[in-house]
Each structure stands twice: as C-alpha cells, then as structure tokens.
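This report concerns only the one structure given below.
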Amino acid sequence: MIFVTQLIYIIPGQEKVFDEFEKIAIPTISKYNGRLLFRVRPTPDTFIENQIERPYEIHLAEFDTEQDFENFKHDEERKKFLHLKEQSIKSSILIQGTKL
Numbered sequence: 001m002i003f004v005t006q007l008i009y010i011i012p013g014q015e016k017v018f019d020e021f022e023k024i025a026i027p028t029i030s031k032y033n034g035r036l037l038f039r040v041r042p043t044p045d046t047f048i049e050n051q052i053e054r055p056y057e058i059h060l061a062e063f064d065t066e067q068d069f070e071n072f073k074h075d076e077e078r079k080k081f082l083h084l085k086e087q088s089i090k091s092s093i094l095i096q097g098t099k100l
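At the far end of the sequence shown sits residue 100, using the numbering used here, and the numbering has no gaps.
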C-alpha cells in the first residue's frame, strides 16, 4: 500500500477549470486500485503554523501498489484532460509514503 499526498496551488481565477479536471481525475483513481481518502480546502483559520504558501487543496489517496499509481498517472482518458490541469494548476507538491 502506498499513500500519495498532494498539495495543490491554483492559478487565481481558474478554480472552475480545476474542478472540471477533478471530475475526470478523481473517479479514475478507483480504476487503478486507488481510493481518495480525503480532499480538503484549507482556510487561513485552519492553519496553526506554516512556512509555505497555503495550498488551495490537499488530497490524500492510497493505491494498493506503486504500479497501480503509475498506471493511474498514465491513464489514456485522464491524459486527454491534462490541458485542464495545466491551465488551472500553478504548482503542486507530491509526497509519497507508506504507513508506519
């Protein structure tokens, strides 16, 4: 089992485009033995301390194997909509790990 955390930073004004991409990407996770465990939009008052910019969203997903995650990233249907991701996301931080 691997866990993937993503901090997502949106280009201002592109929130609806990002939501369009997520409508395709999120359901695709389950095709590859994955589960979206949570999707959070943090607000300034939910941070106790931070040294980096507050992300627009934080996702935590799990996949049964590293290969499942790789297969998700290379899904042909998802790739058709990557232009929406590129149009709406300024940057992201991807953190992979395992349960201890």
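Heads up, the beta-carbon is just placed ideally off N, CA and C, and yes, glycines get one too.
*Taking only the alpha-carbon atoms, compute the straight-line gap between valine 4 and isoleucine 11 and give it to the nearest angstrom.*
Valine 4 and isoleucine 11: Cα-Cα distance of roughly 22 Å.
*What residue range is occupied by the uninterrupted beta strand (DSSP E) comprising histidine 59?*
From DSSP, the beta strand (DSSP E) with histidine 59 extends over 57-63.
*With a Cβ-Cβ cutoff of 8 Å, do aspartate 68 and threonine 28 count as a contact?*
No, they are not a contact pair.
*Can lysine 99 be considered in contact with the ligand MN, in the sense that its beta carbon sits closer than 7 Å to one or more heavy atoms?*
As far as ligands go, the structure on display features none, and thus does not contain the ligand MN.
*Would you mind working out which of Pro44, Leu36, Thr98 sits nearest glutamate 22, comparing C-alpha positions?*
Leu36
*Please state whether DSSP places isoleucine 89 in a helix, a strand or coil.*
strand
*Do three or more CB pairs link the segment 93-100 to the segment 37-45 at distances below 8 Å?*
Here the segment 93-100 makes no contact with the segment 37-45; the two share fewer than three CB pairs at distances below 8 Å.
*Taking Cβ positions, are valine 110 and glutamine 87 nearer each other than 8 Å?*
An answer regarding residue 110 cannot be provided, because it is not within the stretch 1 to 100 covered by the chain.
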